[in-house]
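Take a look at the structure below.
Residue numbers (the working numbering), protein chains in the order written: chain A, 1 to 455; chain B, 456 to 764.
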């Protein structure tokens with residue numbers, strides 16, 4: 001009994017951990033979109049803001065990328081869904097000896113690395129273009145065309161799998177009946193098979209669009225000189241990251257959830273309608289509720305209200321008082337920096353006193369210089385002191401200039417033991433990241449050895 | 456003349472319009488999108504690297520130099536092997552196997568729980584929440600991992616603040632962020648095949664094993680795993696192939712000193728401008744992945760047909 005309970009506990013714990021792994025990164029990323037800090041992070045938390053969404057909207061490259069992605073997505077749906085349908089129908093009819101071959105070849109693009117698909121598409125159309133002596137700006141070299149073809153290669157296979165699953169439940173007698181009653185083949189296809197496949201066409205189209213929208217591996221090769229959302233994103237993420245990317249992610253997640261809820265509601269309506277139709281067909285005396293139009297469905301109205309209210313609250317609290325909060329945070333940081341500098345200055349004074357003593361006793365040259373009466377400066381220029389001293393000077397300037405961070409990035413202390421990827425991450429455009437560097441724990445540990453070696 | 460009979464029957468069954476549509480669509484897909492591009496790539500990879508105007512001329516001769524380059528490096532270098540590329544290649548394959556194993560270990564219990572313990576609304580909710588993260592872009596997912604594993608990220612801040620670490624640990628340089636991100640990227644493709652396989656297992660078999668006194672691990676080892684083997688292998692195949700061919704996650708999460716083989720291919724195309732070598736490397740990646748998967752299937756005694764169910 002107890003053993004069973006422990007086992008249960010372990011299982012639930014594992015499931016919980018698994019979902020934390022699944023959602024944790026996304027939640028953290030979502031939160032960083034609302035922090036004023038120029039580097040995406042949640043701790044320390046600065047101020048709640050929605051300004052990163054504005055930054056997102058003003059990014060012209062990103063907007064072009066989204067437009068191209070939408071265009072490509074639509075193109076892929078128009079190409080991949082018919083091809084997938086044809087593939088599924090063909091597979092159903094083809095002889096048993098050919099079927100495994102056709103199946104293997106058509107499924108293989110799913111498993112072939114996207115990189116390989118992209119390269120082969122690019123090379124193939126390049127050669128075809130050469131054969132026809134096509135111009136540089138013809139369709140064979142157009143990134144959007146190439147990307148549509150390249151992505152459709154494997155997305156058609158997804159669509160085909162969906163159609164196969166649906167076709168397996170199709171009753172061929174329906175088709176035969178229609179043909180017996182004098183319908184032509186085209187009519188049968190249009191009136192019998194297509195309506196039966198309609199849900200599958202819908203899900204294949206959605207899946208194709210999504211798969212195209214988020215594809216990167218194939219696109220990066222076939223897109224040539226244009227850009228899509230993913231390629232713009234990838235270059236942004238690789239060369240300096242800022243929270244506007246998180247803001248984009250939040251927008252995408254939000255749109256996805258809205259889509260999922262609408263999909264769920266409409267599906268429930270469908271099943272309810274089907275059930276009431278069945279009841280009518282059986283001649284049961286049931287009150288058939290009249291279906292309201294979709295937009296007046298109570299669940300839908302509730303959903304819209306909640307979304308609007310939520311967005312309003314977020315927007316309001318993210319725009320009001322942000323500047324004041326930023327100033328407050330800045331002042332707080334500066335006060336902390338000042339305190340730290342004072343402490344370091346005291347340390348420094350103590351050290352230089354020790355330095356002067358030890359040097360005057362050991363080194364004759366230096367003690368001559370000391371005799372000139374410029375003790376204070378001397379310790380600044382003494383070779384042994386160099387590393388520690390520059391560090392302090394750099395920090396003393398900080399509160400005044402407002403570009404604090406860069407200094408500590410280039411400070412000798414960092415050079416001596418560049419730990420972690422801090423400099424790489426800190427470079428982004430904004431001037432505020434720097435604070436964090438001053439407080440980063442590893443900075444302290446960098447400086448201490450630097451000073452020690454100075455003595 | 457069974458072939459022409461075959462086509463006549465095909466046209467008769469579908470009617471001319473539909474038959475034509477089927478043939479054109481499937482033909483375009485098979486030849487213009489799958490087979491010919493791959494053949495062209497193969498052809499391209501065994502020819503000399505010349506600029507496009509010289510294609511088809513004598514300078515565009517057949518050669519295996521790009522494959523040789525992958526193994527032995529350029530003739531000018533002093534090393535007897537192309538150490539960089541070969542190391543990256545084996546590290547990529549090794550890491551992809553590692554990531555696949557992590558995913559099996561993570562997904563098998565979840566799939567089992569989903570198939571046999573979770574019920575009704577709870578299991579529907581679980582399936583839905585499994586899918587939701589995968590509507591988000593691959594790049595954004597990698598970005599999320601970069602945020603939490605950064606040296607000032609949540610994990611480091613947490614570990615430092617509770618005193619486990621006295622300095623932030625560099626997860627990115629040590630490839631931990633990369634492994635975590637890659638395992639995350641294709642986890643869905645591991646869960647669902649295993650889930651489908653386990654779900655079709657008759658619960659009575661488990662009960663019977665339990666009644667006969669088998670401990671829980673033996674039930675899994677002798678009853679559940681053998682039944683789920685096709686699902687596990689199809690999940691492994693997909694995760695392995697996609698991980699070895701991944702580009703976004705290694706570009707974003709890879710440490711400064713660790714390259715992924717696809718990144719070398721990408722560099723060959725975009726920076727070195729050597730398309731021939733790039734395609735040769737792509738073929739090497741493709742062929743070695745397929746060979747590895749086939750060998751593994753042979754070892755695990757799984758047939759291709761039952762895997763694709």
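Ideal placement from N, C-alpha and C gives every residue a C-beta, glycine not left out. This one's a predicted model, so the numbers in the text were calculated from it and none came from an experiment.
Helix, strand or coil: how does DSSP classify residue 239/A here? Along the first chain, one-based indexing puts residue 239/A at 239. Residue state, collapsed to three classes: coil.
Contact list for the segment 3-35 of chain A against chain B, Cβ threshold 8 Å: 7, 11, 14, 15, 18, 19, 21, 22, 23, 24, 25, 26, 28, 29, 32
For residue 630/B, collect the residues of the same chain with a Cβ closer than 8 Å to its Cβ; drop the 5 residues on either side in sequence, then sort them by chain order. Here residue 630/B refers to the residue found at position 175 of the second chain. Only 550, 709, 710, 713 meet the Cβ criterion.
Rounded to whole angstroms, how far is the Cβ of residue 499/B from the Cβ of residue 731/B, which I believe are closer than 8 Å? Position 44 of the second chain holds residue 499/B. Position 276 of the second chain holds residue 731/B. With 8 Å as the limit, residue 499/B and residue 731/B qualify as a contact, their Cβ atoms being about 6 Å apart.
Chain B contact for residue 158/A (CB, 9 Å cutoff): Here the question's residue 158/A lines up with position 158 in the first chain. Any Cβ of chain B closer than 9 Å to the Cβ of residue 158/A would place that residue at the interface, and such an atom is absent.
Tell me residue 48/A's beta-bridge partners as DSSP assigns them. Position 48 of the first chain, counted from the start, is the residue given in the question as residue 48/A. BP columns for residue 48/A point to 35/A.
Of all the options 152/A, 115/A, 82/A, 276/A, which has the alpha carbon lying nearest to the alpha carbon of residue 198/A? Against the first chain, residue 198/A aligns to sequence position 198. Out of 152/A, 115/A, 82/A, 276/A, 82/A has the C-alpha closest to the C-alpha of residue 198/A.
Assuming residue 109/A contacts residue 153/A under a Cβ cut-off of 8 Å, what Cβ separation, rounded to an integer in Å, is found between them? The residue labelled residue 109/A in the question sits at position 109 within the first chain. The residue labelled residue 153/A in the question sits at position 153 within the first chain. Yes, residue 109/A and residue 153/A are in contact; Cβ-Cβ is about 5 Å, under 8 Å.
Using the Cα positions of residue 3/A and residue 664/B, report the straight-line distance between them to the nearest angstrom. Translated into positions along the first chain, residue 3/A becomes position 3. Translated into positions along the second chain, residue 664/B becomes position 209. So the alpha carbons of these two residues sit roughly 18 Å apart.
Neighbouring residues, chain B, relative to residue 90/A (Cβ below 8 Å): Taking the first chain and counting its residues from 1, the one referred to as residue 90/A is at position 90. Under a criterion of Cβ atoms nearer than 8 Å, the residues of chain B adjacent to residue 90/A are, in order, 477, 481.
Mapping DSSP to helix, strand and coil, what is residue 476/A? Any property of residue 476/A remains undetermined from this structure, which presents chain A solely from 1 to 455.
How do the segment 203-211 of chain A and the segment 154-166 of chain A stand: do at least 3 beta-carbon pairs fall below 8 Å, yes or no? yes
Cα-Cα separation, residue 519/B to residue 525/B: For the purposes of this step, residue 519/B is taken as residue 64 along the second chain, with counting starting at 1. For the purposes of this step, residue 525/B is taken as residue 70 along the second chain, with counting starting at 1. Their Cα atoms are separated by approximately 10 Å.
So the alpha helix (DSSP H) residue 682/B belongs to, where does it begin and stop? Here residue 682/B is taken as the residue at index 227 of the second chain, counted from 1. Unbroken alpha helix (DSSP H) run through residue 682/B: 680-699.
For residue 227/A, count neighbouring Cβ atoms within 10 angstroms of its own Cβ and tell me buried if that reaches 16, exposed if not. As a position in the first chain, residue 227/A is number 227, starting the count at 1. With 16 or more Cβ atoms within 10 Å of its Cβ, residue 227/A is classed as buried.
Alpha-carbon to alpha-carbon, residue 167/A and residue 460/B: The residue given as residue 460/B occupies position 5 in the second chain. The residue given as residue 167/A occupies position 167 in the first chain. Rounded to the nearest whole angstrom, the CA to CA distance from residue 460/B to residue 167/A is 26 Å.
Assuming residue 569/B and residue 650/B make a contact with CB atoms under 8 Å, what is their CB distance in whole Å? Reading the second chain from its first residue, position 114 is the one you call residue 569/B. Reading the second chain from its first residue, position 195 is the one you call residue 650/B. With 8 Å as the limit, residue 569/B and residue 650/B qualify as a contact, their Cβ atoms being about 6 Å apart.
Of the listed residues 15/A, 233/A, 222/A, 61/A, nearest to residue 564/B (C-alpha basis): The sequence position of residue 564/B within the second chain is 109, counting from 1. When only C-alpha atoms are compared, the closest one is 15/A.
I want to verify the contact list: residues of chain B whose CB lies under 9 Å from the CB of residue 93/A, in sequence order. For this step, residue 93/A is matched to residue 93 along the first chain. 465, 468, 469, 477, listed in chain order.
Name the two residues that bound the continuous alpha helix (DSSP H) containing residue 163/A. Here residue 163/A refers to the residue found at position 163 when the first chain is read from its first residue. Boundaries of the alpha helix (DSSP H) around residue 163/A: 143-167.
For residue 415/A, does the count of other Cβ atoms within 10 angstroms reach 16, so buried, or fall short, so exposed? Along the first chain, read from residue 1 onward, the residue named residue 415/A stands at position 415. A caution first: residue 415/A carries a pLDDT of 44, below 50, which makes its placement in the model unreliable, though a value can still be read off. The residue is exposed, with fewer than 16 neighbouring Cβ atoms inside 10 Å.
Can you grab the Cα-Cα spacing for the pair residue 527/B / residue 641/B, in whole Å? Start at 1 with the first residue of the second chain, and residue 527/B comes out as number 72. Start at 1 with the first residue of the second chain, and residue 641/B comes out as number 186. Spanning the two alpha carbons is a distance of roughly 34 Å.
Cβ closer than 7 Å: which chain B residues qualify as neighbours of residue 189/A? Sequence index remark: in the first chain, residue 189/A carries index 189 (1-based). Residues of chain B passing the Cβ test: 473.
From residue 309/A to residue 561/B, what distance separates their C-alpha atoms? Sequence index remark: in the first chain, residue 309/A carries index 309 (1-based). Sequence index remark: in the second chain, residue 561/B carries index 106 (1-based). Looking at the two C-alpha atoms, the distance is approximately 39 Å.
With respect to the alpha helix (DSSP H) encompassing residue 750/B, which residues constitute its N-terminal and C-terminal limits? Locating residue 750/B in the second chain gives position 295, where the first residue counts as 1. Counting along the chain, the alpha helix (DSSP H) containing residue 750/B begins and ends at 730-755.
When burial is assigned at 16 or more other CB atoms within 10 Å of the CB, is residue 634/B buried or exposed? What you label residue 634/B is simply residue 179 of the second chain in a count that begins at 1. Residue 634/B sits buried, since 16 or more C-beta atoms from the chains shown fall within 10 Å of its C-beta.
Could you tell me if residue 572/B is buried or exposed, where buried requires 16 or more neighbouring beta carbons within 10 angstroms of its beta carbon? Translated into the one-based positions of the second chain, residue 572/B becomes position 117. Looking at its Cβ environment, which holds fewer than 16 other Cβ atoms inside 10 Å, residue 572/B is exposed.
Helix, strand or coil for residue 502/B per DSSP? By 1-based counting over the second chain, the position of residue 502/B is 47. The three-state secondary structure of residue 502/B, taken from DSSP, is strand.
Please name the residue, chosen from 250/A, 329/A, 264/A, 105/A, that lies closest to residue 311/A on a Cα-to-Cα basis. Looking up residue 311/A in the first chain gives position 311. Closest by alpha carbon: 250/A.
Separation of residue 238/A from residue 624/B, as counted between CA atoms: Start at 1 with the first residue of the second chain, and residue 624/B comes out as number 169. Start at 1 with the first residue of the first chain, and residue 238/A comes out as number 238. Rounded to the nearest angstrom, the two C-alpha atoms are 21 Å apart.
Does DSSP put residue 517/B in a helix, a strand or coil? Against the second chain, residue 517/B aligns to sequence position 62. Reduced to three states, the DSSP call for residue 517/B is strand.
Can the beta-carbon of residue 234/A be found closer than 9 Å to that of residue 220/A? Along the first chain, read from residue 1 onward, the residue named residue 234/A stands at position 234. Along the first chain, read from residue 1 onward, the residue named residue 220/A stands at position 220. Yes, Cβ-Cβ distance for residue 234/A and residue 220/A is below 9 Å.
Counting beta carbon pairs with one atom in the segment 134-147 of chain A and one in the segment 737-753 of chain B, are three or more of them shorter than 8 Å? no
Anyone know if the C-beta pair for residue 267/A and residue 47/A falls short of 9 Å? Within the first chain, residue 267/A is the residue found at index 267, counting from 1. Within the first chain, residue 47/A is the residue found at index 47, counting from 1. No, the Cβ-Cβ distance between residue 267/A and residue 47/A is not below 9 Å.
Within 9 Å (strictly less), CB to CB, does residue 82/A reach chain B? As a first step, residue 82/A must be located in the first chain, where it is residue number 82. At least one C-beta of chain B is nearer than 9 Å to the C-beta of residue 82/A.
Does the beta carbon of residue 195/A sit closer than 9 Å to a beta carbon anywhere in chain B? As a first step, residue 195/A must be located in the first chain, where it is residue number 195. It does not: the Cβ of residue 195/A has no partner Cβ on chain B nearer than 9 Å.
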